[in-house]
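Visitor: Submitted below is the structure of interest, expressed as structure tokens.
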Amino acid sequence: MSELASDSMTRAEPASGSTTSAEVLVQPQVFNFVDFDAERIGGVARTLLGQVGVEVPLRLEIDEGTPLGRAWLTSLEPLVLAVESGAFEDPKRPRQLSDRSIVDTLGRLLFRVKDRLDPAFGEVPADEDLDLAQSVAWDSYAVGRIARLGYPAQRQRRLYHFRNRHGFSDTADAAFARLWEGEGLTWADVQAVCDETAANRTVA
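The opening position of the sequence shown corresponds to residue 691 in this note's numbering, with each subsequent residue numbered one higher.
Right, dumping it as structure tokens:
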């Protein structure tokens, strides 16, 4: 049984050619405060790189000194992601690694990286310049694509987050569905959703 399957994940088998030969460097290599395995993290990351279609080397910088669960892009070229160890933990077993949590965290970030690297997606503001509505809308598009890879993606939880930033309305729900189910969207499409829901909230 694969490590992904052993973590109680149900997903489609990776499509042919979905793995990558791109180098993945996990730092640190040895963990002292959490029960993490760098090789296992790197294996999941390589699978995701191939499935998402990001064929560049990746460095993962994991802060095991905090139980918090934030993760963010620190550099696009070279590709570096910073992760607080709580983002990779099993929610029911503190300090234990969860493949599902790795997928949830890295899948979302890697789809956003793919968008940034795709000229057709359009120019995106730096992460620190995104407001919460923009970030949540873009995440909805990213996580919807994770779901179509066959991974569990907790659609209702994502919808709730979206409603909190875009309104509890039929307009917001329809906008979320367009993002979640979308393929080949651009930053202009994501921004249009934000503008639409903002206008609806103003009218309401």
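Note that the Cβ used here is the ideal one computed from N, Cα and C, for glycine as well.
1) Three-state secondary structure (DSSP) at D860?
2) Evaluate contact between the segment 767-779 and the segment 789-801, counting only Cβ atoms and requiring at least three cross-stretch pairs below 8 angstroms.
3) Could you give the distance in angstroms between the alpha-carbon of Q824 and the alpha-carbon of G755?
4) Under 8 angstroms, with one C-beta from each stretch per pair, do the segment 853-866 and the segment 797-809 reach the 3-pair mark?
5) Decide if the segment 749-764 is in contact with the segment 719-733; the criterion is three or more beta carbon pairs, one per stretch, under 8 angstroms apart.
6) Could you tell me the distance, in whole angstroms, from the CA atom of G759 to the CA atom of T795?
7) Can you list, in chain order, the residues of its chain whose CB lies under 6 angstroms from that of P757, leaving out five sequence neighbours each side?
8) In three-state terms, what does DSSP make of E693?
9) Here's the rule: buried if 16 or more other CB atoms are within 10 angstroms of the residue's CB, otherwise exposed. What is Q719?
10) I'd like to know whether the C-beta atoms of L771 and L738 end up nearer to each other than 8 angstroms.
Guide: Taking the structure as given:
1) helix
2) yes
3) 30 angstroms
4) no
5) yes
6) 9 angstroms
7) G776
8) Caution applies to E693, whose pLDDT of 39 falls short of 50 and renders its modelled position unreliable; the model cannot decide the point.
9) exposed
10) no
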